[in-house]
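Quick note, the sequences are listed as chains A and B, same order. So for the first sequence, the numbering used here puts the first residue at 1; every next one is plus one. So for the second sequence, the numbering used here puts the first residue at 1; every next one is plus one. Yeah, the Cβ is synthetic: ideal placement off N, Cα and C, and Gly gets one too.
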Amino acid sequence: MLTKRIIPCLDIRDGKVTKGVKFKNNVVLGDPVELATQYYHDGCDELVFYDITASAEGRPIDIDMVAEVARAIHIPFAVGGGISNVDDMSRVLLAGAEKISVNSLAVRNPEIIAEGARAFGSQCIVLGMDPVATDDLEKCPCGYEITVRGFREHTGTDALEWAKRAEQLGVGEIVVNSVDADGTREGFELNLTGMIAENVGVPVVASGGAGNAQHLADVFTKSRADAAIIAGIIHTGKYTIGQIKEELTAAGIPIRKKW
Amino acid sequence: MDMMPESVEPETAMVTIVDYRAGNLTSVRLAFESLGVPAQITSDPVRIRSAERVVFPGVGAACAAMVNLAELELGQVLRDVVERGVPFLGICLGTQIVLDRSEEDGGVNCLGLVSGEVKRFQPEDPFDKVPQMGWNSVAIRRKHPVMAGIEDESEFYFVHSFYPTVSDPADIIGTTAYAGAEFVSVLGKDNLVATQFHPEKSGRVGLKLLENFCNWIT
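What follows is the structure in structure tokens.
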């Protein structure tokens, strides 16, 4: 049986893994390669790295770091931030990453999804989206609006429409990161995640709000997400990945158990 | 991708990874290197013909891959190395195109190194997403040196929309269930073995399979 993937997210700022709430109050957690290696040995199923300052500072992602991670771990990992064109994607993939995550870039230039999918295959192109709940149902009938640039900018784009469009453009997977739930550790946005998962044919990764194993069980069963991103709950040492997987297995969720 | 990936000198390579413009091969090379096995990535027919062991990976579409193989004049080269008994490992798309034919792109004739066909997942449940992306278990159906020391029902990393079937049940080594299909996830015939999953991205158990391949005496 296909198992549900547990994906630690490492936010990189100035070469260090950091964690903030709603992109603010960042604290340094450690070295990206060391943390990636630790989570790999702890049994994570995949990893994602976001260089959260690269785009704002107008610089490319740190390719040496990507290459070092690729030498250290032998599971898939995605990289986002500081990607502005297909050449950037190519460099990251050749350094050994499995997937590229695009977010604000794809909102500005949706065609980048199609270009990336044509050049490297759909399975390499992940769309990250940061929807926020909205009452303006005329503009956003699904009730969620896409934000960009670290939640700072509202776009007026309907989240569900954007997910469907991205699928048509050839995206291989969609990470749905709820702005409202991000960093709260009070559970995933089940309604949002479920709505996207039900309406697109590609895998959907839930993100934002993981605070305990039950939250993951909920998003896998109630929203039928294919994977979930975790950050704070393991970065702080509250849980190990092994503990999360044990609890999920006990709850009857199909999980990779041997690593 | 037009940049040449770094690679060891041909004479020191224990493993030769075939580059036929079907995806990124860096992680395959890094997986072998982590085992202390020098690997080269090449599309040069001369190097492939003199290879000790051949790895035939690939992601993407079967049709484009067959066109690339023809342009690079590698089809016959691959047939010859398999015929000569060189240990040969197919991965993902590489596994599909060693078979006779694929349903992809309206039907594509493939290399025919093992008798079988490639079919598309036809899920009834809309939540069975295509591609299958993630870790799924492999039921070991018969003993094989490449699976030595790997527990039954171990999980490996898959990314694919099409799956292999084989004509001769004797060629089945492992099977996996997804989207209502039970498909051949590891197949093998003589000196050829091939996995639908990505051993290079399947953590310790995947590295074990690659290590077994390097030690396999055919």
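Check, Outcome
"What residues from chain A crowd round residue 132 of chain B, counting only those whose CB sits closer than 7 Å?", "2"
"Classify residue 28 of chain A as buried or exposed, calling it buried when 16 or more other Cβ atoms lie within 10 Å of its own Cβ.", "exposed"
"Quick one: using the 10 Å Cβ neighbour count with 16 as the cut-off for buried, is residue 166 of chain A buried or exposed?", "buried"
"How many whole angstroms separate the CB atoms of residue 93 of chain A and residue 24 of chain B, which I take to be in contact at a CB cut-off of 8 Å?", "5 Å"
"Can you tell which of A:3, A:2, A:7 has the C-alpha that lies nearest to the C-alpha of residue 240 of chain A?", "A:7"
"Would you verify that the beta carbon of residue 45 of chain A is, or is not, closer than 8 Å to some beta carbon of chain B?", "yes"
"Hey, would you say residue 116 of chain B sits closer than 8 Å to residue 93 of chain B, going by beta carbons?", "no"
"The segment 95-124 of chain A: which residues have C-beta closer than 8 Å to a C-beta of chain B, in chain order?", "95, 96, 98, 119, 120, 121, 122, 123, 124"
"Where DSSP assigns a beta bridge to residue 116 of chain B, which residues make up the other side?", "B:166"
"Cβ closer than 8 Å: which chain B residues qualify as neighbours of residue 242 of chain A?", "None at all; the shortest Cβ gap to chain B is about 14 Å."
"Should residue 169 of chain B go down as buried or exposed, given a rule of 16 or more other Cβ atoms within 10 Å for buried?", "exposed"
"Below 8 Å, can you find three or more Cβ-Cβ pairs linking the segment 8-17 of chain B to the segment 43-57 of chain B?", "yes"
"For chain A, is any of its Cβ atoms less than 8 Å away from the one on residue 3 of chain B?", "With a pLDDT of only 47 at residue 3 of chain B, under 50, the local geometry of the prediction cannot be trusted, and no value is derived from it."
"Does residue 196 of chain A pass the burial test, meaning 16 or more other C-beta atoms within 10 Å, or should it be called exposed?", "buried"
"Over the uninterrupted alpha helix (DSSP H) stretch that includes residue 205 of chain B, give me the two end residues.", "203-215"
"Would you mind reading off the limits of the alpha helix (DSSP H) that contains residue 77 of chain B?", "75-83"
"Report back the beta-carbon spacing between residue 45 of chain A and residue 224 of chain A to the nearest angstrom; my notes put them in contact at under 8 Å.", "About 17 Å separates the two Cβ atoms, so there is no contact after all."
"Anything in chain B within Cβ reach of residue 128 of chain A, meaning under 8 Å, just list it in chain order.", "By Cβ distance, chain B contributes nothing, its closest Cβ being about 16 Å from residue 128 of chain A, past 8 Å."
"Tell me whether residue 32 of chain B sits in a helix, a strand or coil according to DSSP, three-state version.", "helix"
"Expressed to the nearest angstrom, what Euclidean distance is found between the alpha-carbon atoms of residue 219 of chain B and residue 111 of chain A?", "In this structure chain B extends from 1 to 218, so residue 219 of chain B is not present and cannot be described."
"Using the rule of at least 16 other Cβ atoms within 10 Å of the residue's Cβ for burial, across every protein chain shown, is residue 217 of chain B buried or exposed?", "exposed"
"Does the beta carbon of residue 204 of chain B come closer than 8 Å to any beta carbon on chain A?", "yes"
"At the 8 Å Cβ level, is residue 63 of chain A part of the contact set with chain B, yes or no?", "no"
"Given 8 Å as the limit, is there contact between the segment 201-215 of chain B and the segment 29-38 of chain B, that is, 3 or more CB pairs closer than that?", "yes"
"Compile a chain-ordered list of the residues in the segment 207-238 of chain A whose CB is closer than 9 Å to at least one CB of chain B.", "224, 226, 227"
"Mind pulling the alpha helix (DSSP H) runs of 4 or more residues that sit fully within the segment 158-209 of chain A?", "159-169, 190-199"
"Which partner residues of residue 5 of chain A appear in the DSSP bridge assignment?", "A:227"
"Hey, residue 78 of chain A and residue 48 of chain A are a contact pair by Cβ (cut 8 Å); roughly how many whole angstroms apart?", "4 Å"
"Please identify, using Cβ separations under 9 Å, the residues of the segment 148-165 of chain A that lie next to chain B, in order along the chain.", "none"
"In terms of residues, what are the limits of the beta strand (DSSP E) holding residue 42 of chain B?", "39-42"
"Name the one or two DSSP bridge partners that residue 10 of chain A has.", "A:49"
"Hey, which unbroken runs of the alpha helix (DSSP H) at 4 residues or more fall wholly within the segment 64-111 of chain A?", "86-94, 104-108"
"The beta strand (DSSP E) spanning residue 158 of chain B covers which residue range?", "154-160"
"Output needed for residue 107 of chain A: all residues of its chain with C-beta closer than 8 Å, excluding positions within five of it in sequence on either side, in chain order.", "146, 148, 155, 157, 162"
"Under the assumption that residue 206 of chain A contacts residue 229 of chain A (Cβ atoms under 8 Å), give the Cβ distance between them as a whole number of angstroms.", "7 Å"
"Which residues of chain B have a Cβ atom closer than 7 Å to the Cβ of residue 76 of chain A, listed in chain order?", "157, 201"
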